[in-house]
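Q: Have a look at this one.
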Amino acid sequence: LTTFAAFHELSGLEPLSGIPGSVGGGLWMNAGAYGGEISNALIDVDVITPNDEMITLQAAEIGFGYRSAPVLQDKVILHSRFKLTRGNKDSIYSEMRRVWRLRREKQPLEYPSAGSIFKRPAGDYAGRLIEAVNGKGVRIGGAMVPHKHAGIFINYDHATAEDVVQLIREIRQRVYDKFGILLENEVKPVGFKNDPFEIKS
Ligand SMILES: Cc1cc2nc3c(=O)[nH]c(=O)nc-3n(C[C@H](O)[C@H](O)[C@H](O)COP(=O)(O)OP(=O)(O)OC[C@H]3O[C@@H](n4cnc5c(N)ncnc54)[C@H](O)[C@@H]3O)c2cc1C
16 LTTFAAFHEL SGLEPLSGIP GSVGGGLWMN AGAYGGEISN ALIDVDVITP NDEMITLQAA
76 EIGFGYRSAP VLQDKVILHS RFKLTRGNKD SIYSEMRRVW RLRREKQPLE YPSAGSIFKR
136 PAGDYAGRLI EAVNGKGVRI GGAMVPHKHA GIFINYDHAT AEDVVQLIRE IRQRVYDKFG
196 ILLENEVKPV GFKNDPFEIK S
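Numbers in my numbering are just positions in the sequence shown, counted from 1, shifted up by 15.
Right under this line is the structure:
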C-alpha cells in the first residue's frame, strides 16, 4: 500500500513503510510507526459483522487507539478507503527510504521475529524497561532478546513457540518484579487454551 501510494505521488503513509502484513491486519491492530498510524489516513471500511451483514464504518466510529481498533475485533474487513494528499514523488520516496534506514539500523531485521512483543507502557518504553532488568541477550532455547533492540524478540536458532512464550514470561516477570509494571503484549497468542503470558503478580 505504501509503495502503491508513493508510485501515485500520494503522501501520508510514509511512516508505515516497512511494516509487514496486509492492510486488513494493519487496520485490525491500528499498526503504526514513527509518529504515524494507519488510522490517521483512513476514511472508512466495509466490513462483515458477526451477523453476516455488510456495513460501512467511518474511521471515527472504530474507536482507534494505540495499537487497538476495538470495533473491528469481531469483523472481517473487506475494503478500506484512505485520504492522502498529493505530494512530490521524490520527497515521498526519500522519506520512505529514511524510515527504512531507521528500521534497518535499530531493528534486528536479519532474524525472524514477530515485531514488537509488548505495547509501549504509558510514559515509558518497553525496550528501556527490558534493558534495565538486564533483558538484552537473555535466551531461552532458540528465542532471544537481541542486543540490537530489547523490544523485538528474535528466533535466534530454531525457536519453538514454547521457547518464545517462556522468554516473554521471563521478561514480563523481571519487569514486574523490578518496576511493578505489567507489560501488555502486542503479539496475540494463537492455539493456547489459557493466556500463555500470565505471570505471578
Ligand atoms: C519485523 C516486524 C516489524 C513490525 N513492525 C511493526 C511496526 O513498526 N508497527 C506496527 O504497528 N506493527 C509492526 N509489526 C506487526 C505487524 O504490523 C503485524 O504483524 C501486521 O500488521 C499483521 O498483519 P497481517 O496481515 O500479517 O495479519 P495476521 O498476522 O495474519 O493477522 C493479525 C490479526 O489481524 C486479523 N486480520 C487480518 N486481516 C483481517 C481482515 N481483513 N479483517 C479482519 N481481521 C483481519 C487476523 O484475524 C488476526 O487476528 C511488525 C511485525 C514484524 C514481523
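Ideal Cβ placement from N, Cα and C applies to all residues, glycine included. The structure presented is a predicted model; accordingly, all values stated were derived computationally and were not measured.
Based on DSSP bridge pairs, tell me the residues matched to Ser26.
A: Here residue 26 is taken as the residue at index 11 of the sequence shown, counted from 1. Thr100.
Q: Please find out if some non-hydrogen atom of ligand 1 comes closer than 7 angstroms to the beta-carbon of Val179.
A: Counted from its first residue, the sequence shown places residue 179 at position 164. No, Cβ of Val179 sits at least 7 angstroms from all heavy atoms of ligand 1.
Q: Give me the Cα-Cα distance between Ile58 and Ser109, rounded to the nearest whole angstrom.
A: Within the sequence shown, the letter at position 43 stands for residue 58. Within the sequence shown, the letter at position 94 stands for residue 109. Cα-Cα distance, rounded: 26 angstroms.
Q: DSSP state of Phe212, grouped into three classes?
A: Residue 212 sits at position 197 when you count from the first residue of the sequence shown. Three-state DSSP puts Phe212 in coil, outside helix and strand.
Q: Note down, in chain order, each residue of its chain lying with its Cβ closer than 6 angstroms to the Cβ of Leu93, except the 5 sequence neighbours on either side.
A: Residue numbering aside, residue 93 sits at position 78 when the sequence shown is read from its first letter. Same-chain partners within the cutoff: Asp61.
Q: Going along the chain, which residues of its own chain have a beta-carbon closer than 6 angstroms to the beta-carbon of Arg187, five neighbours each way excluded?
A: Residue numbering aside, residue 187 sits at position 172 when the sequence shown is read from its first letter. Excluding residues within five positions, the ones whose Cβ falls inside 6 angstroms are Leu198, Ile214.
Q: Can you list, in chain order, the stretches of the alpha helix (DSSP H) that have 4 or more residues and sit fully within the stretch 60 to 87?
A: none
Q: Classify Arg135 as helix, strand or coil using the three-state DSSP reduction.
A: Position 120 of the sequence shown, counted from the first residue, corresponds to residue 135. Three-state DSSP puts Arg135 in coil, outside helix and strand.
Q: Please report the straight-line C-alpha distance between Gly39 and Ile155, rounded to a whole angstrom.
A: Counted from its first residue, the sequence shown places residue 39 at position 24. Counted from its first residue, the sequence shown places residue 155 at position 140. Going from the Cα of Gly39 to the Cα of Ile155 covers about 32 angstroms.
Q: Does the beta carbon of Val91 fall short of 7 angstroms from some heavy atom of ligand 1?
A: One-based indexing of the sequence shown puts residue 91 at position 76. Yes, since a heavy atom of ligand 1 falls inside the 7 angstroms radius drawn around the Cβ of Val91.
Q: Could you compute how far the alpha carbon of Phe79 sits from the alpha carbon of Ser54?
A: Locating residue 79 in the sequence shown gives position 64, counting from the first residue. Locating residue 54 in the sequence shown gives position 39, counting from the first residue. Counting only the Cα atoms, Ser54 lies some 7 angstroms from Phe79.
Q: Quick check on this structure: which residue in Gly130, Ala21, Leu42 has the alpha carbon closest to the alpha carbon of Lys163?
A: Start at 1 with the first residue of the sequence shown, and residue 163 comes out as number 148. Among Gly130, Ala21, Leu42, the Cα nearest to that of Lys163 belongs to Gly130.
Q: What is the rounded straight-line gap between the Cα of Val179 and the Cα of Arg101?
A: By 1-based counting over the sequence shown, the position of residue 179 is 164. By 1-based counting over the sequence shown, the position of residue 101 is 86. Distance between the alpha carbons of Val179 and Arg101 is about 43 angstroms.
Q: May I ask which residues mark the beginning and end of the alpha helix (DSSP H) holding Ala147?
A: On the sequence shown, position 132 is the one that residue 147 refers to. First-last of the alpha helix (DSSP H) with Ala147: 141 to 147.
Q: Here's the rule I'm using: 16 or more other beta-carbon atoms within 10 Å means buried, otherwise exposed. How should Leu117 be labelled?
A: Position 102 of the sequence shown, counted from the first residue, corresponds to residue 117. The residue in question, Leu117, is exposed, as its Cβ has fewer than 16 Cβ neighbours within 10 Å.
Q: Of all Cβ atoms in chain B, is any one closer than 8 angstroms to the Cβ of Ile145?
A: The displayed structure is made up of one protein chain only, and chain B is not part of it.
Q: Using 8 angstroms as the threshold, is the C-beta distance between Phe133 and Gly157 below it?
A: For the purposes of this step, residue 133 is taken as residue 118 along the sequence shown, with counting starting at 1. For the purposes of this step, residue 157 is taken as residue 142 along the sequence shown, with counting starting at 1. The criterion of a C-beta distance shorter than 8 angstroms is not satisfied by Phe133 and Gly157.
Q: Just to check my reading of the structure: Val86 and Ile63 have Cβ atoms closer than 8 angstroms, yes? What is that Cβ distance to the nearest angstrom?
A: Position 71 of the sequence shown, counted from the first residue, corresponds to residue 86. Position 48 of the sequence shown, counted from the first residue, corresponds to residue 63. With 8 angstroms as the limit, Val86 and Ile63 do not qualify as a contact, their Cβ atoms being about 13 angstroms apart.
Q: CB-CB under 8 angstroms to Tyr140, same chain, minus the five flanking residues each way: which ones, in chain order?
A: Translated into the one-based positions of the sequence shown, residue 140 becomes position 125. Excluding sequence neighbours, Tyr140 sits near Gly166.
Q: Taking Leu42 as the reference, give the member of Arg189, Phe97, Phe22 with the closest Cα.
A: For the purposes of this step, residue 42 is taken as residue 27 along the sequence shown, with counting starting at 1. Leu42 has its Cα closest to that of Phe97, out of Arg189, Phe97, Phe22.
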